[in-house]
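Visitor: Take the first sequence: its position 590, counting from 1, is numbered 590 in this note's numbering, and each next residue is one higher.
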Amino acid sequence: MKEYKTHEVEAKWQKYWEDNKTFRATNGGKKPPYYILVEFPYPSGAGLHVGHVRSYTAQDTLARMKRMQGFNVLYPMGWDAFGAPAEEYAIKNHIHPKQAVQENIKTFKSQMMNLGISFDWDREFSTTDPDYYKWTQWQFLQFYKHGKAYKDTVPVNWCPKCKTVLSNEDSAGGVCERCGSVVVQKLKSQWMLKMSEYAEDLLDGLKDINFADKVKMAQTEWIGKSVGVQMKVKTTDGGEFEIFTTCIETIYGITFFVIAPDGKIIKDLMPKITNKAEVEDYIKLCATKSNLERKSNVKDKSGVELKGIKAINPVNGKEVPIYAASFVLGDYGTGAAMAVPTHDQRDFEFAVEHNISMIQVIGGADVSEKAFEKHSYLGKKCRLMNSAEFDGLTVEQAKEAITAKLQKMGIAKVTTNYRLRDWIFSRQRFWGEPIPLVHCEKCGWVPLDEKDLPLLLPDVAEYEPTDTGESPLAKITDWVNTTCPHCGGPAKRETDTMPNWAGSCWYFLRFMDPHNDKEFVSEEAMKYWGKVNWYNGGMEHAARHLLYARYWVQFLYNIGLVPYKEMIDTRVSHGMVLGSNNEKMSKSKGNVINPDDIVNQVGADTLRIYEMFMGDYQQDAPWSTDSLKGCKRFIDKVIKLSNKVIDGTSYSNDLESLIHKTIKKVTYDLSHMAYNTAVSSLMILTNAMDSKEQISKADYRLLLTLLNPLAPHITEELNEELGYDPICLGEWPVCDESKTVENTVDLPVQVLGKVRGTISVSKDASQDEAVSLACENENINKFITGDIKKVIYVPGRILNIIV
RNA sequence: GCUGGUGUGGUGGAAUGGCAGACGCGUCGGACUCAAAAUCCGAUGUUGGCAACAACGUGUGGGUUCAAGUCCCACCACCAGCACCA
C-alpha cells in the first residue's frame with residue numbers, strides 16, 4: 001500500500017493552487033457570481049486561533065462546493081490592522097506598528113495557506129495600506145460634506161487606561177471594551193457621525209436581510225425604539241417643560257414629575273425655585289458620580305424636590321411636586337418624565353424613598369406587588385379606574401383616547417425616541433486613519449482637497465497615548481502646522497484618528513475591486529457582485545461592526561454611491577471553540593490549542609474535518625483531542641479504500657442508492673451550515689464502501705469529490721492517483737432523486753402507537769398488503785388482541801394498527 | 001426585570017409530528033503481539049431476562065394526536081443581548 005506523507009501532500013496541493021491561481025475570482029464572465037465573506041481578522045501577535053479555523057473552513061467548504069457547482073466565487077481575505085493591540089505591541093517593543101502589523105500578517109497568511117483555505121490572494125489588502133485608507137478618508141469627507149460628520153463638545157466615555165474616548169458601543173455597560181476599565185464621563189470636543197438620524201432606517205432595513213435572529217435582536221435592542229407621547233406640562237409660576245412617556249394611559253396616576261439633573265430643563269426652572277443651593281449641590285453631586293455606580297445593580301433613587309414651584313397635571317389641574325433625580329437621563333427623550341408610582345417600578349421605588357403618595361389608575365393589577373411592572377397589565381384585560389371619563393376603558397383604548405384628548409388640547413404629540421446615539425468617531429491614539437481636516441482660524445474646519453488624499457500617518461518617536469487627552473500626533477508640530485486649503489493661511493491638522501471600526505465599514509466593497517486607484521470601488525464591480533451572499537462572523541460584532549457597516553452603507557446609498565441600501569444579504573455566526581474544560585480559551589487558563597500544532601501532528605485535512613464535525617456550527621463546542629483522533633481515523637479509512645478500487649465507470653449496484661442519498665445530504669448540508677451531519681453522512685458512505693470487497697473507480701471518485709471541500713488535499717492526491725483531472729476543476733455531482741428511493745423498505749409497525757416489530761415491504765405496498773404482512777409477524781400479532789378498529793398507514797414510513 | 005436561545009446516554013452531538021440516541025469519542029470484551037502502540041472484530045441508554053422480548057426513558061408538570069424530543073399551556077435551570085431609556 002502506498003504511503004501518503006501528509007505534509008508533503010498538503011504542501012504539494014497548496015503550491016498547485018497558488019501557482020495556478022486556482023481560486024482567483026474575475027469580475028465578469030458567464031458564470032453566476034457568488035460572494036462569500038468571512039470577517040477579516042485583526043492580525044494579532046498571538047497568531048491564528050482554532051476559532052478562526054472553524055469559520056474559515058466552513059466558508060471555504062461552501063466556496064469550494066459553489067465553484068464546482070459552476071459559480072464564480074469571490075472568497076477574499078484581508079487584514080483589519082489598525083487599532084490598539086498593534087499599537088501596544090509597538091510601544092512595548094519600540095518598533096513601528098506598521099512593522100509589527102507586517103510581521104503578524106506574514107504569520108497569519110502562512111497559517112491560512114497551511115490550512116488550504118481557498119482565498120483569492122490577489123485581492124488581499126490591509127486597512128492600514130495608504131491605498132486603502134485613502135478611500136476610508138475620502139468616504140469620511142463625504143460624510144462631512146453631506147453634513148453627517150460634525151465636531152461637538154459633549155460628555156463622552158473616556159477610558160483612563162487606554163487614554164482615549166470610546167463610542168457608546170465600545171463602552172457598553174460602562175466599561176472599556178478593550179481593557180475592562182470603568183469609563184469616566186469627560187466633556188470633550190469630538191468628531192461625531194450622525195448615526196442616530198438613521199435609527200429608523202437601520203431598524204427598517206433588518207426586515208429585508210437574512211441576519212441570524214439573535215443578531216437582529218441585538219441590533220433592535222441597541223437601537224431601542226419606543227413610541228410614546230411628548231407632552232407640555234405647565235408649572236405654577238407660569239413656566240412649562242416637556243415630558244416624554246410611553247404610558248400616557250396612566251396620566252391620572254401622576255403624583256410627581258422628575259427631571260434630569262444634567263439636562264436643560266433644570267436650568268430653565270432654576271431661577272424660580274426657593275432651595276437653589278440644595279438643588280445646585282445635588283447637580284454637582286450627580287456630575288461627579290462615577291460610572292461605577294451607574295454600572296452597579298444598586299439603583300440610585302436619590303433626588304431632591306424643587307421647592308417653590310409645582311407642576312400642573314394637564315388633565316385634572318392637580319398640582320404635584322417636581323424632583324430632580326439622577327435616574328432621569330438628560331440625553332433621552334426630553335430629559336423629564338411623569339411619575340406614576342403605582343404602575344412603574346422606578347417611580348414606585350422613588351416614591352417610597354421620598355414618601356410620595358400614590359394613586360392606582362389601572363384595575364386588575366395588584367398594586368402592592370407587581371402592578372408597577374410596566375408590562376404586567378398590558379394586553380391583559382385590565383381597565384382604567386380613578387381616571388375620570390376614561391374609567392372602564394382597556395389600557396389600549398385609554399392610550400388612544402387620552403392621546404387624542406391631549407392632542408385636541410394642543411399640548412401633546414405622538415413621538416418616537418431611540419436609544420441609539422450618534423457615533424463618537426474620534427480616538428486619541430496614534431494607530432488609526434488620520435482625520436483629513438484642518439482647522440483654520442479664519443475658515444474654521446476645512447476638509448483636505450480630495451486629490452491630496454491619503455493624508456499619511458507621520459512617523460513619530462513616541463506612540464504612547466498622552467495624559468492630556470490629545471493624540472500623540474499632536475506632538476509632531478511640523479505635521480500639525482499646515483496651511484488652510486481654503487485661504488492658504490496658517491492652520492492646524494486634526495490630530496485625533498478614526499476608530500478601528502472605520503476600515504471594516506466598507507472592506508467588503510473594496511474586495512470587489514481592490515486595485516482601483518480612481519474610485520473606492522467601481523459601480524460596475526458593485527453591480528456585478530451585488531450583495532455579499534454569505535457573511536460569517538462572531539456574535540461580538542452584532543451591535544457594533546454590523547451596525548456601523550450598515551449605517552455606512554446606507555449613507556453611501558443615500559448619496560448614490562452604492563447600488564443597494566443593504567450590501568450584506570445573509571449573516572451567520574459561528575459558535576466558539578472552547579477549551580477542553582468547556583471554558584473560553586485563554587492563556588491564563590492554559591487551555592489554548594494552537595492550530596499550527598494540530599496541523600503538524602495530524603495535518604490540515606484532519607483539523608478541518610474535525611472542526612466541521614465537532615458539533616452544530618452555530619453553537620459553542622469544546623475542543624476534544626480524542627474526537628480529533630476519530631477524524632484522523634476517518635481520513636485513514638478513506639485512504640485505505642484505494643486498495644479496494646477496481647475499474648468501473650458506474651456506481652456499484654448495492655451502493656447506488658446510498659451514493660445518491662449522500663450526494664443529496666452533503667449538498668444540502670454544506671449550504672445550510674450543517675457541516676457536522678455532512679461529515680457524518682460521508683463517514684456512513686465510507687463505512688459502507690469499507691464493508692465491501694471491492695468498489696468501482698466511480699464509487700471512489702464520487703466519495704473523494706464529496707469530501708473534497710472538507711478535506712481538499714488528500715482527496716486531490718488520491719484522485720490524481722486514479723488518473724483523473726483535479727477535483728477542484730471538475731463538477732459537483734448531482735443527485736438522481738429516483739435512485740435515492742429503495743424498492744423494499746423496513747417498515748416499522750406499531751400497535752396502539754408502540755413499535756412491535758418491522759416488516760419488509762415494497763415501497764408502494766398497499767395498506768391491506770402491509771396489514772396482512774404485519775399480522776403474520778408473531779410479535780406484532782401478539783399485541784393485536786381485538787378487532788382492528790383503525791389503521792394509519794404512511795407508505796414507506798409507518799404502519800399503526802389500532803385495536 | 002425585558003428580549004432571544006438552549007436543555008437528549010459516560011461524552012461531542014443526530015433525528016420534514018412517524019423505529020429516540022445516527023455519526024464520532026470513550027468504556028468493556030476479543031483478535032494480532034514476547035509486550036505495548038497502531039489496527040481489526042464484537043458489545044455498549046437504564047432496569048429485568050440465558051434469550052426472544054418487555055417495562056421505563058429527550059429539564060419538570062399538564063394538554064393536543066393513532067403517534068410528541070419535535071406542536072400548545074404553565075413552570076424550572078443555564079447561556080446570551082439589553083437594562084434607571086420614562
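Quick reminder that beta carbons are idealized off the backbone N, C-alpha and C, glycines included. Since we're looking at a predicted model, the values are computed, not measured.
1) Report yes if the C-beta distance between serine 118 and tryptophan 222 is below 8 Å; otherwise report no.
2) Following the continuous alpha helix (DSSP H) through tryptophan 431, name the residue where it begins and the one where it ends.
3) If I measure Cβ to Cβ from lysine 163 and keep anything under 6 Å in the same chain, skipping five residues before and after, which residues do I get?
4) Would you tell me roughly how many angstroms separate the C-alpha atoms of serine 181 and valine 175, rounded to the nearest one?
5) Do you know whose CA, among Ala491, Met65, Asn481 and Gly28, lies nearest leucine 707's CA?
6) Go ahead and pull the three-state DSSP assignment for valine 745.
7) Kindly list the residues whose CB is nearer than 8 Å to the CB of asparagine 72, restricted to its own chain and excluding five residues on each side of it in sequence; keep chain order.
8) Are threonine 57 and leucine 115 closer than 8 Å when you measure CB to CB?
9) So, does the stretch 44-61 touch the stretch 75-86, judging by three or more C-beta pairs under 8 Å?
10) Per the DSSP calculation, tyrosine 557 is bridged to which residue(s)?
11) Do phenylalanine 256 and tyrosine 323 have their C-beta atoms closer together than 8 Å?
12) Report the three-state DSSP secondary structure of lysine 763 (helix, strand or coil).
13) Buried or exposed: cysteine 631, going by 16 or more other Cβ atoms within 10 Å of its Cβ?
14) Of the residues Asp449, Gly228 and Glu10, which one's Cα is nearest the Cα of alanine 337?
15) Report all residues from its chain with a CB closer than 7 Å to the CB of glutamine 502; omit the five preceding and five following residues, and keep chain order.
16) Measuring only the C-alpha atoms, how far is lysine 518 from aspartate 129?
17) Can you tell which of Asp213, Trp138 and Glu470 has its C-alpha closest to the C-alpha of glutamine 618?
18) DSSP three-state call for isoleucine 804: helix, strand or coil?
19) Residue range of the beta strand (DSSP E) that aspartate 496 falls in?
20) Alpha carbons only, please: which of Ala11, Leu37, Gly796 and Asn20 is nearest the one belonging to asparagine 533?
21) Pick out whichever of Ile266, Glu716 and Lys216 has its Cα sitting closest to the Cα of glycine 239.
22) Over the uninterrupted beta strand (DSSP E) stretch that includes tryptophan 191, give me the two end residues.
23) Would you mind sorting alanine 371 into buried or exposed? The rule is 16 or more other CB atoms within 10 Å of its CB.
24) Among the residues of its own chain, which have a CB less than 7 Å from the CB of methionine 567, if the five just before and after it don't count?
25) Looking at the secondary structure, which residues open and close the alpha helix (DSSP H) in which leucine 448 lies?
26) Below 8 Å CB to CB, which residues in the same chain sit around threonine 740 once its five sequence neighbours on both sides are set aside?
27) Which of helix, strand or coil does DSSP assign to valine 480?
28) Which residues share a DSSP beta bridge with valine 258?
29) At a cut-off of 7 Å, is asparagine 386 close to the ligand FMN when judged by its beta-carbon and the heavy atoms of the ligand?
30) Name, in chain order, the residues that DSSP records as bridge partners for valine 645.
31) Would you tell me roughly how many angstroms separate the C-alpha atoms of proline 499 and phenylalanine 613, rounded to the nearest one?
32) So the candidates are Glu717, Pro314 and Asp690; which of them puts its Cα closest to the Cα of glutamate 8?
33) Would you say valine 751 and lysine 763 are within 8 Å of each other, going by their C-beta atoms?
34) Just to confirm before moving on: does the CB-CB distance between lysine 134 and leucine 453 stay below 8 Å?
35) Aspartate 627 lies in the beta strand (DSSP E); which residues open and close that run?
36) In this structure, how does DSSP classify glutamate 373 when only helix, strand and coil are distinguished?
Guide: Let me lay it out:
1) no
2) DSSP places tryptophan 431 in no alpha helix (DSSP H); its state is neither H nor E.
3) Pro465
4) 5 Å
5) Met65
6) strand
7) Ala25, Thr26, Gly29, Lys31, Pro32, Pro33 and Tyr34
8) yes
9) yes
10) Looking at the DSSP assignment, tyrosine 557 forms no beta bridge with any residue, so it has no partner.
11) yes
12) coil
13) buried
14) When C-alpha distances from alanine 337 are compared across Asp449, Gly228 and Glu10, the shortest belongs to Gly228.
15) The sequence as given places alanine at residue 502; glutamine does not occur at that position. Thr136 and Glu433, listed in sequence order.
16) 16 Å
17) Asp213
18) The structure shown has nothing for residue 804, since the chain only spans 1 to 803.
19) Where aspartate 496 is concerned, there is no enclosing beta strand (DSSP E), given that its DSSP letter is neither H nor E.
20) Leu37
21) The candidate whose alpha carbon is nearest that of glycine 239 is Ile266.
22) 184-193
23) Because alanine 371 carries a pLDDT of 42, less than 50, the predicted location of this residue cannot be relied on, and the following value inherits that uncertainty. When all chains shown are included, alanine 371 counts as buried.
24) Closer than 7 Å at the Cβ level, and outside the excluded window around methionine 567, lie Phe508, Leu509, Lys531, Val532 and Val553.
25) Counting along the chain, leucine 448 falls outside any alpha helix (DSSP H), and DSSP gives it neither H nor E.
26) Ser657, His660, Lys661 and Lys664
27) helix
28) Tyr323 and Ala337
29) Although the ligand FMN was asked about, the structure shown includes no ligands whatsoever.
30) Ile695
31) 37 Å
32) Glu717
33) no
34) Using a Cβ distance threshold of 8 Å, lysine 134 and leucine 453 count as a contacting pair.
35) A small correction: the amino acid at residue 627 is serine; aspartate does not occupy that position in the sequence shown. That residue, serine 627, is in no beta strand (DSSP E); its alpha helix (DSSP H) goes 625-640.
36) With a pLDDT of only 42 at glutamate 373, under 50, the local geometry of the prediction cannot be trusted, and the value read off the model is given with reservation. DSSP places glutamate 373 in coil when its eight states are reduced to three.
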